[in-house]
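Report on one structure; see the data block that follows.
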Amino acid sequence: MDSELDDRKAAILRAVVEEYIETAQPVGSGHVAGRPDVPVSSATVRNELAALEKEGFLVQPHTSAGRIPTDKGYRFFVDRLQAPGPLDPAARQQVREFFAKAHGELEQMLQDTSRLLSQMTSYAAVVVSPPTEAASLRSVQVVSLAPRLALVVGVLSNGSVVKHSLELAEEVTPEKLGALSAHLSAHLVGRVAVDVPVLPATGDELLDRLAGLATHALSDTTGPDHEQVFLGGASRMASAFDAVDTVRSVLGALEQQYVVVTLLRDVLDRGLSVAIGHEHGLVPLAECAVVVAPYGGAGGDGVGTIGVLGPTRMNYPQALAAVAVVSQRLDRRLEEG
519 MDSELDDRKA AILRAVVEEY IETAQPVGSG HVAGRPDVPV SSATVRNELA
569 ALEKEGFLVQ PHTSAGRIPT DKGYRFFVDR LQAPGPLDPA ARQQVREFFA
619 KAHGELEQML QDTSRLLSQM TSYAAVVVSP PTEAASLRSV QVVSLAPRLA
669 LVVGVLSNGS VVKHSLELAE EVTPEKLGAL SAHLSAHLVG RVAVDVPVLP
719 ATGDELLDRL AGLATHALSD TTGPDHEQVF LGGASRMASA FDAVDTVRSV
769 LGALEQQYVV VTLLRDVLDR GLSVAIGHEH GLVPLAECAV VVAPYGGAGG
819 DGVGTIGVLG PTRMNYPQAL AAVAVVSQRL DRRLEEG
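With my numbering applied, the sequence shown has no gaps in its numbers, which climb one by one up to 855 at the end.
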């Protein structure tokens, strides 16, 4: 796409995009001509703006108004950016402090990470947990909740904790549940979670029946369909758009977990870190841009996805930098266990 524009047109387009991101107002020739990187007259800028509009990079919402970028204009701007730049010092400190205190279950950390990223960018943030089909069981335990109700808890190698309640046909003693935990641990720890085997018989009919219930429960709580989606800052989308119908459409799409997972995966599968407007193919999000990055691949337990979703008038340099840094720190945290 670079060959489509000469240096002067590229500088003018970049100026329009940056000004519009900053002000949300159509940009006129006067604002552009006054910039150090556009050393030409307002008349020349007007001619170039008209040419950029004809070529599909800009659009004029009203006859007397300035121009605003199209999806094509934003794409040109993003493609000409250098690699994600540095975060400002305050944001870097915010990330350091967050991950210094981030402990506990993976699910809570991912939820908190989505809130952190939303606070840093002022957009909605999405974190999709790594799939569990490649993760192995690190520990298994069964605990009593009531005389006829127990909970099987598995900790996976990717940090996820899977839980499933077991409804029992009879009262089971704590000693029997302890024996069940030992039996499960002896045969399941270290195995891939989705490949839970049929356990060998112990000669204890009740214990074997309970082991069957527990292994079935573990199989039901792992696998490619059990990714979790953590959404932070969805309410921030309401202030990002003027039209109520657009807000309603965007929030409705964000409520559908499958849609969100598919969106982020498709963007990454196409080798992109940014999808703008109609590029991602979801009509309800046609006025949105998505910045995404993978995380968690170093441990070999599957890759999760992290990203932000905002209006196409997104501050792309800031969003790219924030997503890159947070995904890297999340990677490091998962490697540390």
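Where a beta carbon is used, it is the ideal one built from N, C-alpha and C, also for glycine.
Mark residue i as exposed unless 16 or more other C-beta atoms lie within 10 angstroms of its C-beta, in which case mark it buried.
| i | result |
| --- | --- |
| alanine 608 | exposed |
| alanine 732 | buried |
| glutamine 626 | exposed |
| alanine 719 | exposed |
| glutamate 537 | buried |
| alanine 807 | buried |
| tyrosine 776 | exposed |
| glutamine 846 | exposed |
| alanine 542 | exposed |
| glutamate 566 | buried |
| glycine 591 | buried |
| leucine 663 | exposed |
| alanine 533 | buried |
| valine 716 | exposed |
| valine 545 | buried |
| valine 690 | buried |
| histidine 701 | buried |
| glycine 825 | buried |
Roughly how many whole angstroms lie between the Cα atoms of residue i and residue j?
| i | j | result |
| --- | --- | --- |
| glycine 822 | glutamate 688 | 40 Å |
| glycine 818 | valine 646 | Note that glycine 818 scores a pLDDT of 49, beneath 50, so its modelled location is shaky; the value from the coordinates is reported in the next line. Near 16 Å, if we compare the C-alpha coordinates of valine 646 and glycine 818. |
| serine 550 | isoleucine 530 | Rather than serine, the amino acid found at residue 550 in this sequence is valine. Taking the straight line from one Cα to the other gives about 7 Å. |
| leucine 827 | alanine 697 | 48 Å |
| phenylalanine 494 | glutamate 797 | Lying outside 519 to 855, the shown extent of the chain, residue 494 is not represented and no answer is given. |
| histidine 705 | leucine 655 | 10 Å |
| valine 644 | glutamate 540 | 24 Å |
| proline 829 | lysine 527 | 24 Å |
| proline 812 | arginine 831 | 23 Å |
| methionine 755 | tyrosine 641 | 6 Å |
| proline 835 | glutamine 637 | 16 Å |
| aspartate 763 | arginine 709 | 49 Å |
| glutamate 854 | leucine 725 | 36 Å |
| leucine 628 | phenylalanine 616 | 12 Å |
| leucine 624 | glutamine 746 | 11 Å |
| arginine 682 | glutamate 723 | Position check: residue 682 holds histidine in this sequence, whereas arginine was assumed. Approximately 22 Å between the Cα atoms of the pair. |
| alanine 620 | leucine 635 | 14 Å |
| valine 714 | serine 737 | 7 Å |
| glutamate 805 | valine 679 | 36 Å |
| arginine 788 | glycine 795 | 15 Å |
| lysine 694 | alanine 653 | 28 Å |
| valine 613 | aspartate 630 | 12 Å |
| leucine 772 | glycine 574 | 30 Å |
| leucine 838 | proline 802 | 23 Å |
| serine 657 | proline 665 | 24 Å |
| asparagine 833 | serine 757 | 15 Å |
| valine 535 | glycine 799 | 23 Å |
| proline 579 | serine 547 | 15 Å |
| threonine 581 | alanine 569 | 15 Å |
| alanine 561 | arginine 598 | 26 Å |
| alanine 752 | glycine 721 | 54 Å |
| aspartate 606 | proline 692 | 54 Å |
| valine 558 | glycine 552 | 9 Å |
| glutamine 611 | leucine 686 | 50 Å |
| proline 554 | glutamine 774 | 46 Å |
Can you list, in chain order, the residues of its chain whose CB lies under 7 Å from that of residue i, leaving out five sequence neighbours each side?
| i | result |
| --- | --- |
| valine 577 | Glu571, Arg585, Ile586 and Thr588 |
| serine 632 | Ala643, Val644, Val645, Phe748, Leu749 and Gly750 |
| leucine 786 | Val810, Pro812 and Thr823 |
| valine 556 | Ala529, Ile530, Ala533, Val550 and Val563 |
Between residue i and the rest of its own chain, which residues show a CB-CB distance below 6 Å, the 5 nearest in sequence each way excluded?
| i | result |
| --- | --- |
| valine 792 | Val596 and Val809 |
| leucine 523 | none |
| alanine 583 | Pro544 |
| serine 699 | Gln659 and Val660 |
| threonine 639 | Val826, Ala837 and Ala840 |
Skipping 5 residues on each side, what residues in its chain have a beta carbon closer than 8 Å to that of residue i?
| i | result |
| --- | --- |
| glycine 814 | Pro648, Asn676, Gly820, Val821, Gly822, Leu848, Asp849 and Leu852 |
| leucine 684 | Val660, Leu667, Ala668, Leu669, Val670, Leu728, Leu731, Ala732 and Ala735 |
| phenylalanine 759 | Val765, Val768, Glu805 and Pro829 |
| glycine 770 | Pro802 |
Decide yes or no for the touch test of the segment 780–789 against the segment 663–681: beta carbon pairs closer than 8 Å, at least 3 of them.
-> no
Are three or more beta carbon pairs between the segment 839–850 and the segment 598–606 nearer than 8 Å?
-> yes
Beta strand (DSSP E) runs wholly inside the segment 537–592, at least 3 long, in chain order | none
Any chance you could list the beta strand (DSSP E) runs of at least 3 consecutive residues sitting entirely within the segment 636–716, in chain order?
-> 642–646, 655–664, 667–674 and 679–685
Return the chain-ordered ranges of every beta strand (DSSP E) run that is complete within the segment 761–849 and spans a minimum of 3 residues.
-> 792–794, 806–813 and 822–829
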